[in-house]
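Asker: First to last, the protein sequences are chains A and B. Numbers given in this note's numbering equal positions in the first sequence, counted from 1, plus 1272. Numbers given in this note's numbering equal positions in the second sequence, counted from 1, plus 1272. Just so you know, even glycine gets a beta-carbon here, dropped at the ideal spot from N, CA and C.
Number of protein chains: 2
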Amino acid sequence: MPNPGQIGPREREILTAIIETYISSGEPVGSRTLSRVNKDGLSPATIRNVMADLVDAGFLEQPHTSAGRVPTAQAYRYYVDQISGKAVLSPEDQTLISSTLQGTVDIQQFLERTSHVLSLVSSGVGVAIAKTGVQNALEHVHFSRQGPNKVLAVVVTKSGMVHDRMMRLERDLSQTDLDTAANYINANFRGWTVDKVKAEIAQRIEHERTQYDQLMQSLKELYKSGALTAEQPAANIFVEGVANLVANEEDRERLRDLLKTLEEKERMAELLAAYLDTREEAVRVVIGLEEAMPQMRNFVLIGAPARVGGEMRGSLAVIGPTRMDYQHTITAVSYIAQLFDKLLNEHA
Amino acid sequence: MPNPGQIGPREREILTAIIETYISSGEPVGSRTLSRVNKDGLSPATIRNVMADLVDAGFLEQPHTSAGRVPTAQAYRYYVDQISGKAVLSPEDQTLISSTLQGTVDIQQFLERTSHVLSLVSSGVGVAIAKTGVQNALEHVHFSRQGPNKVLAVVVTKSGMVHDRMMRLERDLSQTDLDTAANYINANFRGWTVDKVKAEIAQRIEHERTQYDQLMQSLKELYKSGALTAEQPAANIFVEGVANLVANEEDRERLRDLLKTLEEKERMAELLAAYLDTREEAVRVVIGLEEAMPQMRNFVLIGAPARVGGEMRGSLAVIGPTRMDYQHTITAVSYIAQLFDKLLNEHA
DNA sequence: CATTAGCACTCTCCCTCCCCAAGTGCCATC
DNA sequence: GATGGCACTTGGGGAGGGAGAGTGCTAATG
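(1) Between the Cα of residue 1393 of chain B and those of B:1609, B:1590, B:1614, B:1618, spot the shortest distance and give me the residue it belongs to.
(2) Taking the alpha carbon of residue 1538 of chain A as the reference point, which residue from A:1401, A:1340, A:1343, A:1615 has its own alpha carbon closest?
(3) Can you name the residues of chain B whose CB is closer than 7 Å to the CB of residue 1600 of chain A?
(4) With a CB to CB cut of under 8 Å and the five nearest residues on each side skipped, what residues in its chain are close to residue 1306 of chain B?
(5) Quick one: which residues of the segment 1520 to 1534 of chain B get their C-beta closer than 9 Å to a C-beta of chain A? List them in chain order.
(6) Quick one, which residues of the segment 1435 to 1460 of chain A are near chain B if we go by CB-CB under 9 Å, in chain order?
(7) In three-state terms, what does DSSP make of residue 1569 of chain B?
(8) Consider the Cβ of residue 1496 of chain B: report whether some Cβ of chain A lies at a distance smaller than 8 Å.
(9) Short of 7 Å in beta carbon distance, which residues of its chain neighbour residue 1441 of chain B, apart from the five on each side in sequence? Order them along the chain.
(10) Residue 1416 of chain B versus chain A: which residues are under 7 Å apart at the beta carbon?
(11) Please decide whether residue 1493 of chain A counts as near chain B, where near means a Cβ-Cβ distance under 8 Å.
(12) What is the DSSP secondary structure of residue 1612 of chain B, reduced to helix, strand or coil?
(13) I believe residue 1360 of chain B touches residue 1341 of chain B by the beta-carbon criterion, under 8 Å. Please report the beta-carbon distance rounded to the nearest angstrom.
(14) Let me see if you follow: with CB-CB separation under 8 Å, is residue 1277 of chain B close to chain A or not?
(15) In or out: residue 1357 of chain A buried (at least 16 other Cβ within 10 Å) or exposed?
(16) Out of A:1551, A:1298, A:1596, which one is the CA nearest neighbour of residue 1581 of chain A?
(17) Which chain B residues are close to residue 1515 of chain A, counting only those with a beta carbon under 7 Å from its beta carbon?
(18) Give the secondary structure of residue 1374 of chain A by DSSP, where H, G and I count as helix, E and B as strand, and everything else as coil.
(19) Of all the CB atoms in chain A, is at least one closer than 8 Å to the CB of residue 1377 of chain B?
(20) Measuring straight from C-alpha to C-alpha, what distance separates residue 1606 of chain B and residue 1576 of chain B?
(21) Quick one: using the 10 Å Cβ neighbour count with 16 as the cut-off for buried, is residue 1309 of chain A buried or exposed?
(22) Over the uninterrupted alpha helix (DSSP H) stretch that includes residue 1530 of chain B, give me the two end residues.
(23) Using only CA atoms, which one of B:1515, B:1396, B:1413, B:1522 lies nearest to residue 1469 of chain B?
(24) I'd like to know if residue 1518 of chain A contacts chain B, where contact means its C-beta is closer than 8 Å to some C-beta of that chain.
(25) If we require 3 or more residues per run, which beta strand (DSSP E) segments fall completely within the segment 1539 to 1583 of chain B?
(26) Closer than 9 Å, Cβ to Cβ, to anything on chain B: give me those residues from the segment 1465 to 1485 of chain A, in chain order.
(27) If distances are taken between C-alpha atoms only, which option among A:1435, A:1325, A:1416, A:1419 comes closest to residue 1379 of chain A?
(28) From this set, A:1514, A:1597, A:1375, which residue's C-alpha is nearest residue 1535 of chain B's C-alpha?
(29) From the DSSP output, read off the bridge partner residues of residue 1237 of chain A.
(30) Locate the beta strand (DSSP E) running through residue 1437 of chain A, then write down its first and last residues.
(31) Could you check what DSSP says for residue 1311 of chain B in three-state terms: helix, strand or coil?
(32) Please list, in chain order, all residues of the same chain as residue 1544 of chain B whose beta carbon is under 7 Å from its beta carbon, the five residues on each side excluded.
(33) Could you name the residues of the same chain whose beta carbon sits closer than 7 Å to that of residue 1339 of chain A, not counting the 5 residues immediately before and after it, in chain order?
(34) At a CB-CB cut-off below 7 Å, which residues of chain A make contact with residue 1432 of chain B?
(35) Would residue 1604 of chain A and residue 1365 of chain A be called neighbours here (beta carbons separated by less than 8 Å)?
(36) For residue 1415 of chain A, write down the residues that DSSP places opposite it in a beta bridge.
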């Protein structure tokens, strides 16, 4: 008898068959059913023996004594490793994905369509995120006075992202002051990263002792109000396909919690960041989400990061039931992730 | 016996009591229960007689012979008319709303928080929408070259909204060309409505016959690509609190459809536009949503428009179960609608 | 004459019981 | 080692049977 986790080829084959049967039927798999499905004419009794071994090895569970077997998290992990790399994108998916994403030029649109198409191909929830990135190169800023002490700052980066931020200043500035400040920044710092611009301005303000330099006063005021601070806006986090969960979560209370969590977009961003910000390029399959989020019992995350120069600038993922078509979904996520990566790098 | 719809004061009182009991309990109301609740010591038998009349008049239904009565859509309509104007905002709601909306300066943030707070106070789904409005006064445009034939247009309106749009041009333009065009527009048209600017540019292009005027060529190219066309972006439609529906829709299939519909933000925008773009200022309660959308059986819409100079620029609404605390919700919607109106008019 | 008490009747809900189908584990056999 | 046979376990589902809540109707009552 092999050690837990160490199983022979016969066991592998049967385990795979069990997982696939369970995924497609949703019901505990019995030895009889399996012997009918399996090509090699193994008898139910033989399969029962193997199954018993697989239970010992931690790959299967029984909901109750006289029920069939159900794959454990460990089994899914094994299964995913097994099939990784083997999959090929189906022509239908290929068509669906390219026709949906065709002609997207701006990132928000891409994110929106991506989350949508992910939910379609996976029967799960599609998530797509891009970081606003203060590491982006500055293209243009504009300040517009909206009322007493109230200024709208618009920052455009070379990557084509637009951040706007309404601010309340301590001192009122005229539109002329604002234009002067914007011109100064645009003329001097175009092409710098937003981060560096911020640091530089901080320094120049510091060194400027002349109280009466109008420009510096304006810059200081704007700086203090965080004109160049780009927090992650909810607008860059897209979550679609929550309706798909209704079919997969029996427990209404838990379904409710799940929907609530998915609605908190910042938490989704954290979740993806936590699991996807790794060295690897590849698609990552996270089984056992319930460790971090109990309401996600029986759900898995299949996601991939998108990088620019080694740094994670975006991510996309499917959150779906453990009982999901992994091959299909992994391939789709992988394919879209490549497009995403390409899009981001094009802009960088 | 009064005509259908014509009922006496005794009937009114009992009908109101039935509706309120049903709203809070969720179960068909029986004569016995009601006689205990009702202050006037009317006996169950009397109430039964009245109930029979109310059934004839179309205000009540019986799920089955030996069950209590349930209010019909007609009854809810009556009830809502009855209580309209009588409600006062509870201190808790007042506190919740102002603390949530306090300090919001930009419209997107306001929309987001509004949809959130609406879902909180109503145990329904909160929806908040603002039109991008090409009727807004232009503050500033900026064009930024993103690659061959690819340009990012950023339009800032005086109302503080920022629209960005990635475009693909037929002819490539240099950044210098783009800056020149932007400067031209900013210098000549600041303060005009975006609509008017578009029309004016169209005309100037038309009249300009010189093929070699670089500026006009650039403008023409940008115009053709729709640089000033602001379609309604999904980013300005906020829908929150879908988790609340789980408790209210028994039928899983219908729940699924409902979630799907709520996710299609454009349809939500149409729905609100259809029901709220009226002359009235007031909160509107729409009972019988299933006529337009069958998946919304047993749900109502409580919403209000926000106007600038008579034109609808935004709207907010709660979509919740017919069994809802109308008084509470109507008051909250009304209060927030006033804030919304104020915010929009401030910016205009 | 409106109101009420009484009463027989009708449903649904829920609990219990019981059988059936599917599955298991183990032992003897090929 | 694989298989066939067999006794045992267990959840699901249908039948049956109150219990409870509610109704409509009729007769009595102020």
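Answerer: According to the data block:
(1) Your numbering for residue 1393 of chain B matches position 121 in the second sequence. With distances taken between Cα atoms, residue 1393 of chain B lies closest to B:1590.
(2) Taking the first sequence and counting its residues from 1, the one referred to as residue 1538 of chain A is at position 266. Minimum Cα-Cα distance from residue 1538 of chain A among the listed residues A:1401, A:1340, A:1343, A:1615 corresponds to A:1401.
(3) Indexing the first sequence from 1 puts residue 1600 of chain A at position 328. Per Cβ cutoff of 7 Å: no residues; residue 1600 of chain A is ~21 Å from chain B at best.
(4) By 1-based counting over the second sequence, the position of residue 1306 of chain B is 34. Within the same chain, Cβ atoms closer than 8 Å to the Cβ of residue 1306 of chain B are found at 1286, 1289, 1290, 1293, 1316, 1319, the five residues on either side in sequence being excluded.
(5) Here the close residues are 1524, 1525, 1527, 1528, 1529, 1530, 1531, 1532, 1533, 1534.
(6) Result list: 1435, 1436, 1437, 1438, 1439, 1440.
(7) Position 297 of the second sequence holds residue 1569 of chain B. Residue state, collapsed to three classes: coil.
(8) Position 224 of the second sequence, counted from the first residue, corresponds to residue 1496 of chain B. Residue 1496 of chain B does not count as touching chain A.
(9) One-based indexing of the second sequence puts residue 1441 of chain B at position 169. Excluding its 5 nearest sequence neighbours in each direction, residue 1441 of chain B has C-beta neighbours in its own chain below 7 Å: 1421, 1423, 1493, 1497, listed in chain order.
(10) Along the second sequence, one-based indexing puts residue 1416 of chain B at 144. The contacting residues are 1411, 1412, 1428.
(11) The residue given as residue 1493 of chain A occupies position 221 in the first sequence. No - not a single Cβ of chain B is within 8 Å of the one on residue 1493 of chain A.
(12) As a first step, residue 1612 of chain B is located in the second sequence; it is residue number 340 there, counting from the start. Looking at residue 1612 of chain B - three-state DSSP - the assignment turns out to be helix.
(13) Position 88 of the second sequence, counting from 1, holds the residue named residue 1360 of chain B. Position 69 of the second sequence, counting from 1, holds the residue named residue 1341 of chain B. Not really, about 30 Å apart at Cβ, beyond 8 Å.
(14) Within the second sequence, numbered from 1, the residue matching residue 1277 of chain B stands at position 5. With a pLDDT of only 49 at residue 1277 of chain B, under the threshold of 50, the placement of this residue in the model should not be trusted; the figure read from the coordinates follows. Judged by the 8 Å Cβ criterion, residue 1277 of chain B is not in contact with chain A.
(15) Position 85 of the first sequence, counted from the first residue, corresponds to residue 1357 of chain A. Burial state of residue 1357 of chain A is exposed, judged by a 10 Å Cβ sphere holding fewer than 16 other Cβ atoms.
(16) Residue numbering aside, residue 1581 of chain A sits at position 309 when the first sequence is read from its first letter. That would be A:1551, whose Cα lies nearest to the Cα of residue 1581 of chain A.
(17) Counting from one through the first sequence, the residue named residue 1515 of chain A turns up at place 243. Simply 1528, 1531, 1532, 1535.
(18) For this step, residue 1374 of chain A is matched to residue 102 along the first sequence. Secondary structure at residue 1374 of chain A: coil, using DSSP grouped into helix, strand and coil.
(19) Counting from 1 along the second sequence, the entry for residue 1377 of chain B is found at position 105. It does: the Cβ of residue 1377 of chain B has a partner Cβ on chain A nearer than 8 Å.
(20) Within the second sequence, numbered from 1, the residue matching residue 1606 of chain B stands at position 334. Within the second sequence, numbered from 1, the residue matching residue 1576 of chain B stands at position 304. One C-alpha to the other measures close to 7 Å.
(21) As a working mapping, residue 1309 of chain A is identified with position 37 in the first sequence. By the neighbour-count rule (16 or more Cβ atoms within 10 Å), residue 1309 of chain A is not buried but exposed.
(22) Here the question's residue 1530 of chain B lines up with position 258 in the second sequence. First-last of the alpha helix (DSSP H) with residue 1530 of chain B: 1524 to 1535.
(23) Your numbering for residue 1469 of chain B matches position 197 in the second sequence. Out of B:1515, B:1396, B:1413, B:1522, the CA that lies nearest to the CA of residue 1469 of chain B is found in B:1413.
(24) Along the first sequence, one-based indexing puts residue 1518 of chain A at 246. At least one CB of chain B lies nearer than 8 Å to the CB of residue 1518 of chain A.
(25) 1556 to 1559, 1571 to 1580, all fully within the segment 1539 to 1583 of chain B.
(26) Result list empty, no residue passes.
(27) Within the first sequence, the letter at position 107 stands for residue 1379 of chain A. Nearest C-alpha to residue 1379 of chain A: A:1435.
(28) What you label residue 1535 of chain B is simply residue 263 of the second sequence in a count that begins at 1. Residue A:1514 is the option with its Cα nearest to residue 1535 of chain B.
(29) Nothing about residue 1237 of chain A can be reported from this structure: the residues present for chain A run from 1273 to 1620 only.
(30) On the first sequence, position 165 is the one that residue 1437 of chain A refers to. Segment 1434 to 1440, the beta strand (DSSP E) holding residue 1437 of chain A.
(31) Sequence index remark: in the second sequence, residue 1311 of chain B carries index 39 (1-based). Reduced to three states, the DSSP call for residue 1311 of chain B is coil.
(32) As a first step, residue 1544 of chain B is located in the second sequence; it is residue number 272 there, counting from the start. Around residue 1544 of chain B: 1399, 1401, 1575, 1587, 1589.
(33) Indexing the first sequence from 1 puts residue 1339 of chain A at position 67. Excluding positions up to five away in sequence, the list reads 1300.
(34) Residue 1432 of chain B sits at position 160 when you count from the first residue of the second sequence. Residues of chain A passing the Cβ test: 1418, 1424, 1438.
(35) Locating residue 1604 of chain A in the first sequence gives position 332, counting from the first residue. Locating residue 1365 of chain A in the first sequence gives position 93, counting from the first residue. Contact flag set, yes.
(36) Taking the first sequence and counting its residues from 1, one reaches residue 1415 of chain A at position 143. Looking at the DSSP output, residue 1415 of chain A bridges to A:1425.
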